[in-house]
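Numbering (mature numbering (1 follows the signal peptide of the UniProt record, and there is no 0)), first residue to last: -20 to -1, 1 to 398. Where is the CB? At the ideal position from N, CA and C, for every residue including glycine. As the structure is a prediction and not an experimental result, all values here were calculated from the model. Some notes on the structure that comes next.
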Amino acid sequence: MVKKFYLVFILSSLAVILQAQTYSLKDLEAQFLKNNLQLIANKFHIDKAEALIVQEKLWANPNLTVDNLNLWANSSFETMPNMIGNFGSKQQINMGLEQLIETAGKRKKRVAIKTLEKTSAQLEFEEILRQLKLDLRTNFYSLQRIQLEEQQLHSILELFSKLNEQYKVQAEKQHVSQVSYLRVHTELVGIQKELLDLKSQKNEILQQLKTLTQLPDLNAGQLSFDQFQVEEKPLLSSDLKEQAKSQNIYLRSMANEIHLSEGQLSLEKAQRTPNLNLLMNYERGGNVMSNFIGIGVNIDLPIFNRNKGNIQAAKIQVEQGQAQLNAGQLEIGNEIDKLLNKLALYRENLTNWKDNNTEAQQKVLENYIKYLKDQQVTLIEFIDFSQAFREAQQAYLELQESYLITFEQLQYVVGQEL
């Protein structure tokens, strides 16, 4: 009985611990890096590229040929010494061994190309990692905005629910008009609709977070949000464009493609030099010598085909890649300027809003509630101000969200944490 009690106690404690577990943004990112199936799947591309490098380092296999083996002999044969025991005095046979020798460092050049292809796979993995991390952070900040917006709407919903009950009773007693009650009730329904829309958005974002982190039981109550402080974000340096040239995944991939094209050009130039085939031949009974061993070499004569077309195409590919890289650098630079301008505008508005508006608007709303009770303002004035207050708070939260998301987008474009 005591053992059962302890078992139930331990299981209950574990359940409480699991329910109480919270996740900050860093915790979610750790789960994402550990569990995300798309990342795990894309890691295999790097392993495949590594295997292809190993394969490219190998020499070509030698070629063995056995031919001219006679199955019978006619009357014109010449007797030869036996090959094995009493067998072989009437057997003729040819054997040839051939080995390809690649010239001009072709094999090393192909290994270099495969190494660059591995770099491409690594950059592709890093691109997916940064894109998914951006999605994770964007969804987290959107959920934070929704949570705060819900909290504010719930307080106003509670206020209008009480007001709705009061006006319903007063309308039934004909102390207020039915129109006034309908106005309050309509506003209440509108607030309920806004909360329903927010809940729908929350569920959609939560589903995306579950997919990214592979936490199927994740809920909004488990998330820990830091209080937003615009001052905590660093003032950005002016050399972000230079940082992006070396860190941006898009530009790094384009630069790697140029190296690949240069490697292909080097290989195409090497193809002008013909390869060698070393030959060794053994011949029994087919020459003036009973057992003949000879060596030789096989080479293509580069008379008609000097690989000019492929070399020219590879040169054009290098030039095209460089032009695309220059265009990409200009595009990234313009994108950084755009994001910096947006951040500066958001920071200025958030600072002004925090200093001038939020607390004052909250006090005015509290005063309007008192004024309505004391009949110092009309119902229409109160509803108008409550709507304006909600819109202002929503705009402030959306501004916070936009600032955080834009900052993450800037980090993504630059290619590193700022």
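Which value, in whole angstroms, describes the spacing of the CA atoms of ASN255 and ILE93? Sequence index remark: in the sequence shown, residue 255 carries index 275 (1-based). Sequence index remark: in the sequence shown, residue 93 carries index 113 (1-based). Approximately 19 Å between the Cα atoms of the pair.
| request: Spell out the partners DSSP gives ILE26 in its beta bridges. | output: For the purposes of this step, residue 26 is taken as the residue at position 46 of the sequence shown. Its beta-bridge partners do not exist; DSSP assigns none.
For VAL394, which option in ASP317, LEU176, LEU377 and GLN356 has the closest C-alpha, if you only look at C-alpha atoms? The count along the sequence shown starts at 1 and reaches residue 394 at position 414. Comparing Cα positions, the closest option is ASP317.
- Query: Quick one: does the C-beta of ILE108 sit closer than 7 Å to a heavy atom of the ligand FAD?
  - Reply: The model depicted lacks the ligand FAD and carries no ligand whatsoever.
### Task
Name the one or two DSSP bridge partners that VAL46 has.
For the purposes of this step, residue 46 is identified with residue 66 of the sequence shown, where counting begins at 1. According to DSSP, which records beta bridges pairwise, VAL46 is partnered with MET75.
field: Proximity below 8 Å, CB of LEU123 to CB of TYR392
entry: Here residue 123 corresponds to residue number 143 of the sequence shown, with the count starting at 1. Here residue 392 corresponds to residue number 412 of the sequence shown, with the count starting at 1. Their beta carbons are not under 8 Å apart, which means LEU123 does not touch TYR392 by this criterion.
Starting from the Cα of LEU5, find the closest Cα among THR99, GLU104, ALA31 and LEU203 and give me that residue. Residue 5 sits at position 25 when you count from the first residue of the sequence shown. Looking at the Cα atoms, LEU203 is the closest of the given residues.
Next item on the list: Would you check if there are 3 or more beta carbon pairs closer than 8 Å linking the stretch 305 to 323 to the stretch 227 to 240?
Entry: yes
To the nearest angstrom, how far is it from the Cα of ASN287 to the Cα of THR253? Looking up residue 287 in the sequence shown gives position 307. Looking up residue 253 in the sequence shown gives position 273. Each residue's Cα considered, the two are about 9 Å apart.
task = Pull up the DSSP beta-bridge partners for ARG264, would you.
result = On the sequence shown, residue 264 is found 284 positions in, with the first residue counted as 1. DSSP lists ILE73 and ASN271 as partners of ARG264.
inquiry  = Pull the bridge partners of VAL169 from the DSSP assignment, please.
reply    = Position 189 of the sequence shown, counted from the first residue, corresponds to residue 169. Answer is none; VAL169 lacks a bridge partner.
Below 8 Å, can you find three or more Cβ-Cβ pairs linking the stretch 355 to 374 to the stretch 195 to 202? no
* Under a Cβ-count criterion, where at least 16 other Cβ atoms within 10 Å of its own Cβ denotes burial, should ILE283 be classed as buried or exposed? -> Looking up residue 283 in the sequence shown gives position 303. ILE283 should be labelled exposed.
*alpha helix (DSSP H) segment containing LEU195, residue limits*: Translated into positions along the sequence shown, residue 195 becomes position 215. Here LEU195 belongs to no alpha helix (DSSP H), and DSSP marks it neither H nor E.
Exercise. Look at the Cβ atom of GLN127, then the Cβ atom of PHE205, and state whether they are nearer than 8 Å.
Key: As a position in the sequence shown, residue 127 is number 147, starting the count at 1. As a position in the sequence shown, residue 205 is number 225, starting the count at 1. Closer than 8 Å, so yes.
(Q) Measuring only the C-alpha atoms, how far is LYS70 from ILE273? (A) Sequence index remark: in the sequence shown, residue 70 carries index 90 (1-based). Sequence index remark: in the sequence shown, residue 273 carries index 293 (1-based). When rounded, the distance between both Cα atoms is 19 Å.
- prompt: Taking Cβ positions, are ILE385 and THR2 nearer each other than 8 Å?
  reply: Stepping through the sequence shown from its first residue, residue 385 is reached at position 405. Stepping through the sequence shown from its first residue, residue 2 is reached at position 22. Taking 8 Å as the Cβ cut-off, ILE385 and THR2 do not qualify as a contacting pair.
Per DSSP, the bridge partner or partners of LEU259 = Indexing the sequence shown from 1 puts residue 259 at position 279. Per DSSP, GLU78 and GLY276.
Discussion item. I'd like to confirm the pairing. Which residues does DSSP put opposite TYR348 in its beta bridges?
Written reply: As a first step, residue 348 is located in the sequence shown; it is residue number 368 there, counting from the start. TYR348 pairs with nothing; no bridge assigned.
Report task. Quick one: using the 10 Å Cβ neighbour count with 16 as the cut-off for buried, is ALA10 buried or exposed? Result -> The sequence position of residue 10 within the sequence shown is 30, counting from 1. Classification of ALA10: exposed, given that the 10 Å Cβ count is below 16.
If you follow the alpha helix (DSSP H) that SER246 is in, where does it begin and where does it stop? Residue numbering aside, residue 246 sits at position 266 when the sequence shown is read from its first letter. Start and end: 229 to 250.
Which same chain residues, not among the five before or five after VAL298, have their C-beta less than 7 Å away from its C-beta? Position 318 of the sequence shown holds residue 298. Taken in chain order, the residues that qualify are ILE238, SER241, GLU242 and LEU245.
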